[in-house]
Amino acid sequence: MSISLKESLQQIVLNNSKTSELVRFDHDINLPTDLGFDSIMLMKLITDIENEYDLVFDIEELEFERFCSFDALLHTVQSKIQRKGES
């Protein structure tokens with residue numbers, strides 16, 4: 531059974547976070563505030579996402595708002611995968 535995009539993205543986020551606690555991914559979980567992400571960690575997270583899903587984010591797509599909450603991150607990755615499939 532394959533896992534969903536949301537579940538695999540949650541695992542990537544957890545693997546890159548500073549927390550070792552069990553995290554409940556509410557719709558508004560904030561990566562910097564709730565999971566301790568700093569700018570370097572966010573860049574590593576983005577790189578891991580690019581590698582996992584064979585994506586490349588353009589510089590103009592790297593706005594903080596797209597990556598600071600889990601919902602925004604999920605939406606960004608879903609949109610990027612969908613656009614990739616259309617090309």
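Start counting the sequence shown at 531; every next residue gets the next number (the numbering used here). We treat Cβ as the ideally placed atom computed from N, Cα and C, and that holds for glycine.
I need the boundaries of the alpha helix (DSSP H) containing ASP564, first residue and last residue.
Taking the first residue of the sequence shown as 1, we reach residue 564 at position 34. First-last of the alpha helix (DSSP H) with ASP564: 561-565.
In chain order, which continuous runs of the beta strand (DSSP E) of length 3 or greater are located wholly inside the region 542-593?
none
Go ahead and label THR577 buried or exposed: buried means 16 or more other beta carbons lie within 10 angstroms of its beta carbon, across all protein chains shown.
The sequence position of residue 577 within the sequence shown is 47, counting from 1. When all chains shown are included, THR577 counts as exposed.
If I'm right that VAL543 touches PHE600 with Cβ under 8 Å, what's the distance once you round it to whole angstroms?
Residue numbering aside, residue 543 sits at position 13 when the sequence shown is read from its first letter. Residue numbering aside, residue 600 sits at position 70 when the sequence shown is read from its first letter. Contact flag correct, Cβ pair sits at about 7 Å.
By how many angstroms is the C-alpha of ARG554 removed from the C-alpha of VAL607?
The count along the sequence shown starts at 1 and reaches residue 607 at position 77. The count along the sequence shown starts at 1 and reaches residue 554 at position 24. Each residue's Cα considered, the two are about 20 Å apart.
Just to confirm my understanding: we take ASN546, look at its own chain, exclude 5 residues before and 5 after, and list those with CB closer than 7 Å. What are they?
One-based indexing of the sequence shown puts residue 546 at position 16. Leaving aside the five residues that flank ASN546 on each side, the residues in its chain whose CB is nearer than 7 Å to its CB run, in chain order, MET571, LYS574, LEU575 and ASP578.
Just curious, the alpha helix (DSSP H) that GLU616 is in, first and last residue?
Taking the sequence shown and counting its residues from 1, one reaches residue 616 at position 86. From DSSP, the alpha helix (DSSP H) with GLU616 extends over 600-616.
Thinking C-alpha only, which one of TYR583, THR563, PHE597 and ARG596 is nearest GLN612?
Locating residue 612 in the sequence shown gives position 82, where the first residue counts as 1. It is TYR583.
For the candidate residues CYS598, LEU592 and LEU585, whose alpha-carbon lies nearest to that of SER617?
On the sequence shown, residue 617 is found 87 positions in, with the first residue counted as 1. Of the candidates CYS598, LEU592 and LEU585, the one whose C-alpha sits nearest the C-alpha of SER617 is LEU585.
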